[in-house]
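Under full-length UniProt numbering, the sequence shown has 398 at position 398, and the numbering climbs by one with no breaks. Shown next, in structure tokens, is the structure this report addresses.
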Amino acid sequence: MTLQKLVPSAIRPLRSSLQSTSRAVVTTSRAAALSIRQPAQHARCFTSKPPKAAAAGEASNPAMAFPCLDALETRSATLRASFESSGPEPSYTSGATQTYHCQEPLVLDWGGMLPEFKIAYETWGEMNADKSNVILLHTGLSASSHAHSTEANPAPGWWEKFIGPGGPLDTDKYHVICTNVIGGCYGSTGPSSTDPADGQHYATRFPILTMEDMVRAQFRLLDSLGVKSLYASVGSSMGGMQSLAAGVLFPDRVRRIVSISGCARSHPYSIAMRHTQRQVLMMDPNWKRGYYYGDLPPHAGMKLARGIATVTYRSGPEWEQRFGRRRADPSKPPALCPDFLVETYLDHAGEKFCLTYDPNSLLYRWLPVSWAKWNKCRYTTMSLLEPTRRFRSICRLTSARRS
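Laid out in structure tokens, this is it:
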């Protein structure tokens with residue numbers, strides 16, 4: 001008992017001495033690091049001339065420039081100037097799609113209803129006699145039905161290299177159908193569409209959708225085409241989740257599933273990031289609770305939301321490899337507007353996107369992704385993701401494109 005009391009008291013002075021020595025070393029090394037540059041050397045990092053004394057009545061320092069805010073104001077002025085000619089909201093569709101118009105009501109999972117709806121779609125390859133070679137291709141969050149160039153629209157599609165003769169989705173063998181799902185703005189019924197009841201934009205009177213609602217609408221299209229069974233349900237990102245939903249809802253009509261970067265439920269981190277993007281968009285004064293049609297759209301919120309989303313589309317190692325800590329212009333002092341290369345990349349991504357998609361459609365497409373959750377299915381995981389040599393080549397092509 002005496003020994004147990006003595007040992008700690010004997011050790012305590014030594015421990016205290018070591019701690020004080022450690023603090024001294026840290027303090028000394030920090031002072032040494034700070035003394036590498038003299039104050040004048042720090043000043044030379046930002047200016048080659050000594051600072052001038054401010055004259056009477058002048059500010060001590062010059063006002064900072066904000067090119068990012070200048071660009072925002074210029075975009076707003078340009079949009080306002082276009083009101084009389086075409087209206088502020090851009091035309092999102094190319095018009096070079098086929099359209100399925102369902103005049104039967106679609107009752108939705110959360111209690112809403114669409115009295116009728118349209119689905120814009122494009123096709124590639126020939127459908128065989130018994131219509132058994134059909135592949136339904138699901139899009140990502142903000143993509144249109146234009147996955148590959150067509151005669152009506154020769155512009156390259158978002159999956160141009162994956163679709164075609166001899167490609168992973170071989171149009172010599174398969175008939176590929178890609179739709180713009182309901183809730184979107186590329187020709188299918190969404191918030192920017194008019195409500196047949198009153199002729200006004202749905203705006204935020206548009207009903208909340210689930211992933212299953214989107215897929216049920218797609219299968220209405222398949223019914224109209226006489227397609228009883230799909231060769232495969234294929235999609236990436238949000239489309240990968242739709243491809244799973246198709247198999248869950250219609251197990252007897254979906255023979256294969258190819259889900260790329262999809263999931264059966266959203267992770268809390270993903271839900272949190274989408275919540276942040278929604279809030280940024282909705283806090284834009286121009287959003288006006290969704291009733292901005294005929295006025296200035298919430299382009300600032302769209303730009304910021306897209307920048308946040310782009311952060312989640314890349315991994316930490318990729319950011320490090322592509323940008324590191326490099327600055328756009330090392331000769332200039334730090335700025336509040338985009339300064340590092342990674343910041344300019346995010347700024348450009350938002351700028352490029354902010355007028356190419358309807359803000360309300362983006363809000364309505366985010367919710368089904370967060371709510372999706374499939375715990376039970378009659379298939380095992382391996383039977384859902386039946387591997388074939390042709391679809392494995394999609395993975396190889398994807399890897400090649402990233403490198």
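Where is the CB? At the ideal position from N, CA and C, for every residue including glycine. The model shown is predicted, which means the values in this text are computed figures rather than measured ones.
DSSP three-state call for residue i: helix, strand or coil?
i: L137; result: strand
i: G164; result: strand
i: S22; result: Confidence in S22 is poor, its pLDDT being 43 and thus under 50, which makes the residue's placement too unreliable to answer from.
i: K173; result: coil
i: K373; result: strand
i: H146; result: coil
i: C68; result: helix
i: E343; result: helix
i: Q279; result: helix
i: S259; result: strand
i: E122; result: strand
i: D358; result: coil
i: G87; result: Caution applies to G87, whose pLDDT of 41 falls short of 50 and renders its modelled position unreliable; the value that the coordinates give is listed next. In this structure, G87 counts as coil in the three-state DSSP scheme.
i: T99; result: strand
i: L336; result: coil
i: E73; result: helix
i: M113; result: strand
i: I36; result: Bear in mind that a pLDDT of 42 at I36, under 50, signals an unreliable position, so the model cannot answer this.
i: L106; result: strand
Using beta-carbon positions only, say whether residue i and residue j come within less than 9 Å of one another.
i: R255; j: Y231; result: yes
i: A349; j: F340; result: no
i: S236; j: D252; result: no
i: T191; j: H201; result: The sequence as given places Pro at residue 191; Thr does not occur at that position. Contact flag set, yes.
i: D213; j: I182; result: yes
i: S370; j: S270; result: yes
i: V342; j: L304; result: no
i: T204; j: G290; result: yes
i: L114; j: V234; result: no
i: T139; j: T99; result: no
i: P368; j: M238; result: yes
i: residue 430; j: A372; result: Residue 430 cannot be examined here, being either before or after the span of the chain that is shown, 1 to 403.
i: G240; j: S261; result: yes
Figure out for me which residue from the options has the closest Cα to the Cα of residue i.
i: K118; options: H101, A56, L336, E126; result: H101
i: E104; options: P196, S144, I257; result: P196
i: A63; options: L336, A203, T150; result: L336
i: V134; options: N180, V227, K332, R220; result: V227
i: C354; options: A56, G57, S76; result: S76
i: D109; options: E318, I208, W366, Y292; result: I208
i: G292; options: D70, A96, R80, F66; result: Here residue 292 turns out to be Tyr, not Gly, going by the sequence shown. Of the listed residues, the one whose Cα sits closest to Y292 is R80.
i: S188; options: F323, E116, E320; result: E116
i: R365; options: P165, R322, G166, Q242; result: Q242
Under a CB-based cut-off of 9 Å, is residue i close to chain D?
i: L222; result: The chain inventory of the structure shown lacks chain D, comprising one protein chain alone.
Would you check if there are 3 or more beta carbon pairs closer than 8 Å linking the stretch 274-288 to the stretch 235-247? Contact fails: fewer than three Cβ-Cβ distances are below 8 Å.
For a minimum of 3 consecutive residues, which ranges assigned as the beta strand (DSSP E) are wholly contained in the stretch 176-257? Fully enclosed beta strand (DSSP E) runs of 3 or longer: 232-236.
Identify every run of the alpha helix (DSSP H) within the stretch 309-334, keeping only runs that are complete inside it and at least 4 residues long; order them along the chain. Segments of the alpha helix (DSSP H) lying fully in the stretch 309-334: 316-322.
Cβ contact (3+ pairs, closer than 8 Å) linking the stretch 166-177 and the stretch 261-272: Flag = no, the stretch 166-177 and the stretch 261-272 do not touch.
Check whether the stretch 316-332 touches the stretch 286-302, counting contact only when three or more Cβ pairs, one atom from each stretch, lie closer than 8 Å. No, because fewer than three Cβ pairs between the stretch 316-332 and the stretch 286-302 fall closer than 8 Å, the two stretches do not touch.
Counting Cβ pairs, one atom from each stretch, are 3 or more of them under 8 Å apart for the stretch 57-74 and the stretch 145-154? No, they do not touch.
Using 8 Å as the cut-off, can you tell me whether the stretch 311-324 makes contact with the stretch 354-371, which would need three or more C-beta pairs spanning the two stretches below that distance? The answer is no - the stretch 354-371 does not touch the stretch 311-324, with fewer than three Cβ pairs under 8 Å.
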